[in-house]
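In what follows, a structure is listed as structure tokens, so that the remarks can point back to it.
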Amino acid sequence: MIDLFKTKIGRLRIIAILEGISLLILVFIAVPMKYGFDNPAFVKLMGPVHGSLFLLFLFNTLSVGIEQNWKFKEITWKVLLACIIPFGTFYIDRKILSKI
């Protein structure tokens, strides 16, 4: 795990996992608490955290894509799309990022 911090792809993988976890917490815990139990506190906490990780993931994906000369139509768009879909970043980490 510590080796992941040494490369840009490793850092992107860590950010992808954190972004994926924050999206799952937001979608499956915070939003139901807000609308089902009328308790918006967790959304107010997790919303900015997820937003920050989302932007960090986008910028790092583009940075790594440029550095690694990824073809947008082959890899980059898949990695960018993954951060919108629940469980997407975990899938992309396993299928693409871990093999680079």
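Residues 1 to 100 (the UniProt record's numbering) are what the sequence shown spells out, left to right.
Beta carbons: idealized from backbone N, C-alpha and C, even for Gly.
Note that the coordinates shown come from a computational prediction; the quantities given were computed from them, not determined experimentally.
Under the rule that 16 or more other beta-carbon atoms within 10 Å means buried, what is residue i, buried or exposed?
i     : result
Ser63 : exposed
Asn60 : buried
Glu19 : buried
Ile92 : buried
Starting from residue i, trace the alpha helix (DSSP H) both ways and give me its first and last residue.
i           : result
Trp77       : 77-82
Leu26       : Where Leu26 is concerned, there is no enclosing alpha helix (DSSP H), given that its DSSP letter is neither H nor E.
residue 115 : Given a span of 1 to 100 for the chain in the structure shown, any question on residue 115 remains unanswerable.
Taking only three categories from DSSP, how would you classify residue i?
i      : result
Phe87  : coil
Asp3   : helix
Phe72  : helix
Ile92  : helix
Ile100 : coil
Is there a C-beta anywhere in chain B that falls below 7 Å from the one on residue i?
i     : result
Ala82 : Among the protein chains of the structure shown there is no chain B, as only one such chain exists.
Have a look at the options and flag the residue whose alpha-carbon is nearest the alpha-carbon of residue i.
i           : options                  : result
Lys95       : Leu26, Thr7, Ala16, Lys8 : Ala16
Gly51       : Met33, Leu24, Ile66      : Leu24
residue 111 : Ile100, Phe54, Pro86     : Examination of residue 111 is not possible in this model, given that the chain is present from 1 through 100 alone.
Asn69       : Leu56, Ile29, Ile9       : Ile9
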